[in-house]
Amino acid sequence: MSVEEVAHEDVDLEQLLKCSLPTSRVKKICRLDPDLTMIGSDAVLFVTKATIKFFALEKVFDIVLTLLKWL
């Protein structure tokens, strides 16, 4: 593996770990579930990323519905 490949992987990892939602609030919301006693930081990151993806898909779905109304 070259230095450039390793540096590129570091950038990808940083982009992967960057979240636009505060993970502390996501963790508080997860703790509202009475069946959940502990949650790891990896799980919180996964839930946060899944939520961001869901919001993005919801926005795209709303745009598509708006475009279909115009047809």
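The opening residue of the sequence shown carries number 1 in UniProt numbering; numbering runs sequentially from there. Think of the CB as a built atom: it goes at the ideal place given N, C-alpha and C, for glycine as much as any other residue.
| query | What number of angstroms, rounded off, separates the C-alpha of Val6 from the C-alpha of Val47? | reply | Counting from one through the sequence shown, the residue named residue 6 turns up at place 6. Counting from one through the sequence shown, the residue named residue 47 turns up at place 47. Unreliable placement is indicated for Val6, whose pLDDT of 48 sits below 50; the coordinate value is still reported in the next sentence. Those two C-alpha atoms are separated by around 27 angstroms.
| DSSP three-state assignment for Val6, whether helix, strand or coil | Residue 6 sits at position 6 when you count from the first residue of the sequence shown. In this prediction, Val6 has a pLDDT of 48, which is less than 50 and means its spatial position is unreliable; nothing more can be read from the coordinates.
| CA-CA distance, Ser41 and Lys69? | For the purposes of this step, residue 41 is identified with residue 41 of the sequence shown, where counting begins at 1. For the purposes of this step, residue 69 is identified with residue 69 of the sequence shown, where counting begins at 1. Near 42 angstroms, if we compare the C-alpha coordinates of Lys69 and Ser41.
| query | Looking at the unbroken alpha helix (DSSP H) that takes in Asp42, where does it start and where does it end? | reply | For the purposes of this step, residue 42 is taken as the residue at position 42 of the sequence shown. Element bounds for Asp42: 41 to 70.
| said: Under 8 angstroms, with one C-beta from each stretch per pair, do the stretch 43 to 59 and the stretch 20 to 31 reach the 3-pair mark? | reply: Contact between the stretch 43 to 59 and the stretch 20 to 31 is present: 3 or more CB-CB pairs across the two stretches fall below 8 angstroms.
| Own chain partners of Thr51 with C-beta closer than 8 angstroms, once the 5 adjacent residues on each side are dropped | Your numbering for residue 51 matches position 51 in the sequence shown. Only Leu21, Val26 meet the Cβ criterion.
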